[in-house]
Amino acid sequence: MGKIESGVLDALVKQFMCSNYLSAAQLYLRDNFLLKEELKMDHIKRRQLGHWGSIPGTAFIYVALNYLIWKYEQSILFMLGPGHAAPAVLSQLFLEGTLGDFYPDYKINAEGLGRLIKNFSWPGGFPSHVTPGTPGSILEGGELGYSLATAYGSVLDHPDLITACVIGDGEAETGPLAAAWHSNKFLNPAESGAVLPIINLNGYKISQPTVYGAMDDEELTQLFTGFGYNVKIVDAIKEPKDAFEGMLIALEESYAEIRAIQNKARSGEVVLKPKWPMLIVRNLKGWTGIETFHGEKIEGNYLSHGVPIVDPQKDEDKFQAVKGWLESYDIGSLFDEVGRPIPEVTKYIPTGDLRMGSNPYVNNKNITKELVIPDLKKFEVPLGEKRGQKGESTYQIGMLLRDIFKENKEAQNFRFFCPDETTSNNLGAMFEATGRAFMWPLKDYDDKMLPTGRVMEILSEHTLQGWMQGYILTGRYGFLSSYEAFIQIISSMVDQHAKFIKQASKIEWRPDVPSANYLLSSLGWRQEHNGFSHQNPGFISNMLDKYGEFISVYFPPDANSALVITKDCLDRKNSINIVVAGKRKLPQWLTIEEAQKQLQMGIMVWDWAGNQSENPDVVLSGCGDYMTLEVMAAIQLLKNLAPQLKTRFVSISEISCLGVGDEHNPCSIGTSMFNEHFTDDKPIIVNFHGYPIAIEKLLIKHPAFPRLSVHGYIDEGSTTTPFDMQLVNKTSRYHIAMDAICEAKKYNPTLDINVDELVGYIKETIKLHRECILATGEDPEEIVNWKWEG
102 MGKIESGVLD
112 ALVKQFMCSN
122 YLSAAQLYLR
132 DNFLLKEELK
142 MDHIKRRQLG
152 HWGSIPGTAF
162 IYVALNYLIW
172 KYEQSILFML
182 GPGHAAPAVL
192 SQLFLEGTLG
202 DFYPDYKINA
212 EGLGRLIKNF
222 SWPGGFPSHV
232 TPGTPGSILE
242 GGELGYSLAT
252 AYGSVLDHPD
262 LITACVIGDG
272 EAETGPLAAA
282 WHSNKFLNPA
292 ESGAVLPIIN
302 LNGYKISQPT
312 VYGAMDDEEL
322 TQLFTGFGYN
332 VKIVDAIKEP
342 KDAFEGMLIA
352 LEESYAEIRA
362 IQNKARSGEV
372 VLKPKWPMLI
382 VRNLKGWTGI
392 ETFHGEKIEG
402 NYLSHGVPIV
412 DPQKDEDKFQ
422 AVKGWLESYD
432 IGSLFDEVGR
442 PIPEVTKYIP
452 TGDLRMGSNP
462 YVNNKNITKE
472 LVIPDLKKFE
482 VPLGEKRGQK
492 GESTYQIGML
502 LRDIFKENKE
512 AQNFRFFCPD
522 ETTSNNLGAM
532 FEATGRAFMW
542 PLKDYDDKML
552 PTGRVMEILS
562 EHTLQGWMQG
572 YILTGRYGFL
582 SSYEAFIQII
592 SSMVDQHAKF
602 IKQASKIEWR
612 PDVPSANYLL
622 SSLGWRQEHN
632 GFSHQNPGFI
642 SNMLDKYGEF
652 ISVYFPPDAN
662 SALVITKDCL
672 DRKNSINIVV
682 AGKRKLPQWL
692 TIEEAQKQLQ
702 MGIMVWDWAG
712 NQSENPDVVL
722 SGCGDYMTLE
732 VMAAIQLLKN
742 LAPQLKTRFV
752 SISEISCLGV
762 GDEHNPCSIG
772 TSMFNEHFTD
782 DKPIIVNFHG
792 YPIAIEKLLI
802 KHPAFPRLSV
812 HGYIDEGSTT
822 TPFDMQLVNK
832 TSRYHIAMDA
842 ICEAKKYNPT
852 LDINVDELVG
862 YIKETIKLHR
872 ECILATGEDP
882 EEIVNWKWEG
């Protein structure tokens, strides 16, 4: 690229200095925002909040990207990893006018500027991070490490979009970020956009140097070249004008390389191992700030990470240091008399939807296109002459998703994300319609791998979550499947997404977006062959602790229910849905129509299951497919052992933190609805897929709680037999039957059953089972080949 004109560089330096002043002022000033009078201690905020260190580097990158957009009219989504640098983004949004477009009180004038500065980290104002209330944002950047994966997700199937992802060099040390570098191996330039990773390398974290800051240019180049990138290192530790010249040259080269890769791929050539560009921008932490104070180095050191000088309103030396810093920007020369930036400041800021704060891939109300979902009857598992025929939930889900890929082939608005478990989780039918995405060379015998594949598999749950977040927050649909035990790896990341969704729901201009959907399979109840490490339903408990209005956990009792629930998840917007479904052959209980009826409430009495559903002695309930099987087997056992004991079965297929059932109709809220299902005076025994406390917490304040007995996973397990998992956790048919007998007799002493005799018989059966598995290594035939007799 040729030399950049001096006039361009001068204008960009002015924009940069203007932005830095506005950001520094956001940390300190509550009045006298344009320094039109002598700065006094009274003008300083009583509490200084924020983080200065990464702001200047972020502003430098943003200003340079503005020029690139202005020159080439290229849509760029700005992704900020270190959310601490929010003032830099807010300052740029103010200067480009998008802040005033979304918030009329922040127009480009003296009043708007004053509100921007005063209201940063102020009650009722802008928070300290890039939140959903920040125009153009889809990532907060508070919990570090998720920016790069989210950036790659945003450009999948958006061929005209480039996402510039600013990564802090401290953030780059995190595990999620380290894995996300491999996202370049899954990005097809023929059908998707591009990500330009930019490391903001200022050398320091909160109190120590960064790993990447300690590496020299050769080491950095070798590392990221090995990851498959064309590395460009920009030295910005120099005068801003010279720094911008190097940055613009690197950006223009990067843009040309991106276009060359895409043009080659879109002309029909196969592009393997494309060398996408990336930038590493060396700059000083706290650039343009206070250089030293009382003999300590501030600029270019960790001491500039947060607020460089705290409480300057209380100390003259501190005040003079801050005063000199703010005055160094000569802000009076950058704004006119009415408080608008001079034309040179905004000359190279793009207009309209090309402004990064106004990016239509984020802000457009019509961003989400309808997903075509085929008729579920096509995939229905027939019940045959009698309920209890065998079927596989995940296999049926896989066939549904296969046809969703087919029906939406032109729209290209659905992807499936999984850590190398699609086949293991019995979802392989999808490969009849698509393959696994991969852009690196393959062996002849590598199976089901395609450059155009829409199943995204990498053994990093964090990367998958980031891909899905970026994908759905820019208007497309996704499902992420994982072994139940290992979805816990991203519990905190999902929680951060939940926080984003919660905040976004309160912001009028944010568009509705598809839900984040999770399919948990290879469930702990059938991980008896892998052992204790693979037995963990804790993710369910984590999700049930919060955000009831938009987080639901589904427990389909059979395959037809799983189909109905999967469709419902894809239909919902602005939600987080967790589907818990086994991959083994299990009894099938409901027709599609019955499953749809149960979906409406998330709970249903199965009148045909118990022996006296109208006026039971005890209510038995199952939540989860394996748990339902055990309760149904317990009911059948009780019919044989104690036919005089009247039972009712209630199936629970949805739970939120609001209670049992659909989040709009939770039974824990309405006593009458609860009693309609569980009676108002009979004992209730729930066999729950997860930890018992998850159900108990939901119902602890309910009047029915004293008559509630919850069975579930109690952290017992090993490499053993499938049914032994039920026995050691006291969720087996035998434990449910014993509990039913004892509780029914306790609530109705006149009941004509011999508790000691029945319980003694069942305990002896359990003992015989133990002897059997120790002798043979497998469960006895009456367990393995059990059938519902109806």
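Under my numbering, think of the first position of the sequence shown as 102, with each following residue one higher.
Every residue gets a Cβ at the ideal spot worked out from N, C-alpha and C, and that includes glycine.
- Task: For the region 183-199 and the region 150-161, state whether three or more C-beta atom pairs, one from each stretch, are separated by less than 8 Å.
- Result: yes
- Please classify I307: is it buried, with 16 or more other beta-carbons within 10 angstroms of its beta-carbon, or exposed? exposed
- Task: Enumerate in chain order the residues of its own chain whose CB-to-CB distance from T393 is below 7 Å, with the five nearest sequence positions on each side excluded.
- Result: I399
- Task: Pull up the distance between the alpha-carbon of S238 and that of M180, whole angstroms please.
- Result: 7 Å
- Item | Of the listed residues I177, I588 and G226, nearest to Q127 (C-alpha basis) | G226
- Item | Nearest residue (CA-CA) to P298, options Q309, L624, V335 and E481 | V335
- Item | Assigned secondary structure, A344 (DSSP; H/G/I helix, E/B strand, else coil) | helix
- Would you list, in sequence order, the uninterrupted alpha helix (DSSP H) runs of no fewer than 4 residues that lie entirely inside the region 523-593? 562-573
- Item | Nearest-angstrom Cβ-Cβ length linking N716 and P744, presumed shorter than 8 Å | N716 to P744, Cβ: 15 Å. No contact.
- Task: Decide if G453 is buried, meaning its Cβ has at least 16 other Cβ atoms within 10 Å, or exposed.
- Result: exposed
- Message: Can you check which of these residues, A280, F640 and S722, is closest to S653 by C-alpha distance?
- Response: F640
- Query: Do D613 and N526 have their CB atoms nearer than 7 Å?
  - Reply: no
- Message: For a minimum of 3 consecutive residues, which ranges assigned as the beta strand (DSSP E) are wholly contained in the region 260-285?
- Response: 263-269
- Message: So, at 6 Å on beta carbons, what are the nonlocal neighbours of Y122 in its own chain, with the 5 sequence-adjacent residues on each side left out?
- Response: Y430 and I432
- Query: Between the C-alpha atoms of P804 and T780, what's the straight-line distance to the nearest angstrom?
  - Reply: 12 Å
- Item | Opening and closing residue of the alpha helix (DSSP H) in which V114 lies | S107 to Y129
- Could you tell me the distance, in whole angstroms, from the CA atom of M379 to the CA atom of D816? 46 Å
- Of all the options L404, Y313, T553 and K104, which has the alpha carbon lying nearest to the alpha carbon of V372? T553
- In this structure, what does DSSP give as the bridge partners for K491? P688
- Message: Please identify the residue among I505, T232 and R131 whose C-alpha is closest to the C-alpha of I602.
- Response: T232
- Task: Let me know the secondary structure DSSP gives E397 once reduced to three states.
- Result: strand
- Query: Between L169 and E197, what straight-line distance do the alpha-carbon atoms span, to the nearest angstrom?
  - Reply: 15 Å
- In the structure shown, what three-state DSSP assignment does N741 receive? helix
- Message: Let me check understanding here. Comparing Cα to Cα, which of Y835, P413, W707 and C519 lies closest to S583?
- Response: C519
- Item | Ordered list of alpha helix (DSSP H) runs contained in the region 160-220, each at least 4 residues | 187-197, 199-203 and 211-220
- Task: Look at the Cβ atom of R441, then the Cβ atom of I209, and state whether they are nearer than 7 Å.
- Result: yes
- Task: Run the proximity test for E417: is its beta-carbon closer than 6 Å to any non-hydrogen atom belonging to the ligand SAM?
- Result: Because no ligand of any kind appears in the structure shown, any question about the ligand SAM cannot be addressed here.
- Task: Go ahead and label I100 buried or exposed: buried means 16 or more other beta carbons lie within 10 angstroms of its beta carbon, across all protein chains shown.
- Result: Because the chain is modelled from 102 through 891, residue 100 falls outside the range shown and cannot be assessed.
- In DSSP terms, what G760 is bridged to: S757
- Query: Going by other Cβ atoms of all chains shown within 10 Å of its Cβ, with 16 needed for buried, is I573 buried or exposed?
  - Reply: buried
- Simplified DSSP assignment, three categories, for V408: coil
- Item | Distance CB(Q193)-CB(Y163) smaller than 7 Å | yes
- Item | the region 780-795 / the region 719-736 touching (three or more Cβ pairs under 8 Å) | yes
- Message: Quick check on the DSSP output: the alpha helix (DSSP H) that includes Y462 runs from which residue to which?
- Response: P461 to N464
- Item | Residues near L859 by beta carbon distance below 7 Å, same chain, minus five either side | L742, A743 and I842
- Query: How would you call H630, buried or exposed, if buried means at least 16 neighbouring beta carbons within 10 angstroms?
  - Reply: exposed
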